[in-house]
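Sequential numbering of the first sequence, starting at 114, is according to our numbering.
Beta carbons are placed, not taken as given, at the ideal position from N, Cα and C, and that holds for glycine.
Read through the structure below, which is laid out as structure tokens, and then see the notes.
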Amino acid sequence: MGIHNLAKLIADFAPSAMKEQEMKSYFGRKIAIDASMCIYQFLIAVRSDGAQLANEDGEVTSHLVGLFYRTIRMIDNGIKPAYVFDGKPPDLKSGELVKRKERRQEAEKELEKAKEAGDTENVQKFERRLVRATPQHNEDCKKLLKLMGIPYVEAPGEAEAQCVALVNGDKVYGVGTEDMDALTFGTKVMLRQPHTSEAKKLPVQEYSFNKVLEGLNLSHEEFIDLCILMGCDYCGTIRGIGPKRAIELIQKHKNIEAVLENIDQKKYPPPEGWLFKQARELFKHPDVTPAEDIELKWTDPDEEGVVDFMCKRFGFNEERIRNGCQKLKKGRKGATQGRLDSFFTVVANKSSNKRKAEEMNGKKSKKAKGSFKKRK
DNA sequence: CCCGTCC
DNA sequence: TCCTCTGACCCAAGACGGG
DNA sequence: TGGGTCCGAGGAC
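Dropping the structure here:
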């Protein structure tokens with residue numbers, strides 16, 4: 114998943130494209146998040162003695178624990194998440210998916226071996242490697258989100274691409290992800306792991322797409338070709354060409370076709386039947402629902418519904434769940450208030466410089482729309 | 001800060 | 001010789017709070 | 001599964 118080494122390349126060649134912000138400065142912001150990715154991570158990480166958390170009937174709850182508390186944490190910080198669920202992966206990804214399937218089968222064998230040998234350490238290791246978010250997990254999470262009053266979107270294709278559509282269609286401020294290919298899809302703003310920053314006392318890393326292009330001195334099309342050269346999920350790469358050579362070649366020749374004409378293909382052989390054109394097309398025109406067809410609404414949680422679902426069905430501690438619901442209600446009010454507040458400073462120049470206003474106590478005049486002064 | 005608990 | 005890529009290896013991937 | 005690090009094998013110069 115993602116673009117190989119892209120974060121490092123940006124750090125090296127376009128450092129100003131990333132700025133670090135305090136969590137607080139995102140108060141009132143809406144953010145799109147790839148739900149499938151979160152669920153997967155929760156299933157892997159939320160464990161006790163190496164096993165997933167579960168209710169008395171053995172139904173897994175790790176994904177619900179993770180989603181519940183992370184969402185509350187964000188709302189509590191005035192950040193409004195909208196979750197996006199994966200649809201069908203594009204056909205081009207099937208090669209990658211076949212590889213993953215093979216690795217799975219490998220892990221299954223290893224798991225059997227470890228079980229027979231009574232090697233608990235390896236059993237856990239390979240169980241973890243076999244984790245996959247099932248339709249049931251997804252449904253559980255959708256139900257919970259609905260009860261919590263948090264909006265979600267079911268993407269026709271890749272969740273990441275749908276998140277980008279929401280950003281660029283001005284439904285949300287940015288996409289919160291670890292997956293750098295959000296930038297390849299062209300997201301105006303990308304936030305890296307906005308949820309962890311508070312807990313770990315780390316700043317949020319904010320990437321600006323325009324500054325990435327500016328810093329690398331590339332157009333969006335050239336940038337896509339660069340990403341393909343460096344390695345994406347959709348097709349192979351040219352052996353012997355890594356980030357350094359890739360960026361040099363794209364800057365010089367502008368696209369992969371021209372690169373191929375100008376390198377010694379004996380020394381740098383492209384993959385057999387290389388599908389770079391199809392990959393390029395996928396990044397340019399991914400299968401997404403247009404943002405204008407999507408309405409995102411944050412509402413108060415249905416506390417009794419949440420308690421019923423989480424406690425009755427999944428055996429969660431009622432006090433904690435009710436506590437969480439209270440935080441949701443409180444945080445939502447604050448965030449709604451805050452959004453209005455920041456509206457005045459934010460909307461003014463959205464694409465380029467965003468707002469330094471927060472610190473500088475903004476005075477803006479460019480781009481008329483909504484550029485009042487920040488009050489307070 | 002570390003380490004156990006959450007279910 | 002220098003630079004760049006590759007492949008091997010290891011590790012950790014959540015959130016939270018009590019002690 | 002990906003990321004970080006470290007080392008050896010090539011081409012690049």
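For a quick check, are the C-beta atoms of residue i and residue j less than 8 Å apart?
i: GLY289; j: GLY444; result: no
i: VAL419; j: LEU260; result: yes
i: GLY317; j: VAL302; result: The sequence given here has Val at residue 317, not Gly. No, the Cβ-Cβ distance between VAL317 and VAL302 is not below 8 Å.
i: PHE298; j: ALA272; result: no
i: PRO573; j: ILE263; result: Lying outside 114 to 489, the shown extent of the chain, residue 573 is not represented and no answer is given.
i: ALA220; j: LEU205; result: no
i: GLU408; j: LYS367; result: no
i: LEU257; j: PHE239; result: no
i: GLY355; j: GLN237; result: no
i: LEU331; j: ILE363; result: yes
Ignore the nearest five residues each way along the sequence and tell me which others in residue i's own chain have a CB closer than 7 Å to its CB.
i: GLY115; result: ASP292, MET293 and ASP294
i: LYS397; result: ILE337
i: ASP253; result: HIS176 and LEU177
i: ALA120; result: MET293
Using C-beta distances below 6 Å, list every residue in its chain close to residue i, excluding the 5 sequence neighbours before and after it, in chain order.
i: ILE369; result: ASP338 and PHE389
i: THR350; result: GLY344
i: VAL173; result: GLN165 and ALA167
i: TRP387; result: none
i: ASP415; result: LEU260
i: ASP400; result: PRO269 and GLY270
i: LYS410; result: PRO264
Taking buried to mean at least 16 other C-beta atoms within 10 Å of its own C-beta, is residue i buried or exposed?
i: ARG217; result: exposed
i: THR247; result: exposed
i: SER465; result: Residue placement at SER465 cannot be trusted, given a pLDDT of 35 that sits under 50; what the coordinates show is reported in the next sentence. Classification for SER465: exposed.
i: LYS284; result: buried
i: GLU374; result: exposed
i: LEU315; result: exposed
i: ILE143; result: Here the sequence assigns Lys to residue 143, which means Ile is not the residue at that position. It is buried - the Cβ of LYS143 has at least 16 other Cβ atoms within 10 Å.
i: LYS324; result: buried
i: ASP199; result: buried
i: SER161; result: exposed
i: ARG213; result: exposed
i: SER129; result: exposed
i: GLU361; result: exposed
i: PRO384; result: exposed
i: ARG186; result: buried
i: THR458; result: Annotation note: pLDDT 47 at THR458 (below 50); position unreliable, coordinate value reported separately. Answer is buried; the Cβ neighbour count reaches 16.
i: SER321; result: buried
i: ASP406; result: exposed
Thinking residue i and residue j are a contact (beta carbons under 8 Å), I'd like their distance in whole angstroms, please.
i: VAL178; j: ILE146; result: Actually they are not in contact, since the Cβ atoms of VAL178 and ILE146 sit about 17 Å apart, beyond 8 Å.
i: GLU319; j: MET131; result: 7 Å
i: ILE157; j: ARG241; result: 6 Å
i: GLY282; j: ALA148; result: So it is not a contact: roughly 19 Å between Cβ atoms.
i: ARG433; j: HIS308; result: Not quite, the Cβ-Cβ distance comes to about 19 Å (not below 8 Å), so this is no contact.
i: PHE126; j: LEU329; result: 6 Å
i: LYS440; j: ASP413; result: With a Cβ gap of about 12 Å, LYS440 and ASP413 do not count as contacting.
Going along the chain, which residues of its own chain have a beta-carbon closer than 8 Å to the beta-carbon of residue i, five neighbours each way excluded?
i: PRO382; result: ILE351 and ARG352
i: THR402; result: VAL266, ALA268, PRO269, GLN275 and ALA278
i: PHE427; result: ASN168, GLU172, THR174 and LEU177
i: CYS348; result: LEU205, GLY208, ILE341, PRO384, TRP387, LEU388, PHE389, GLN391 and ALA392
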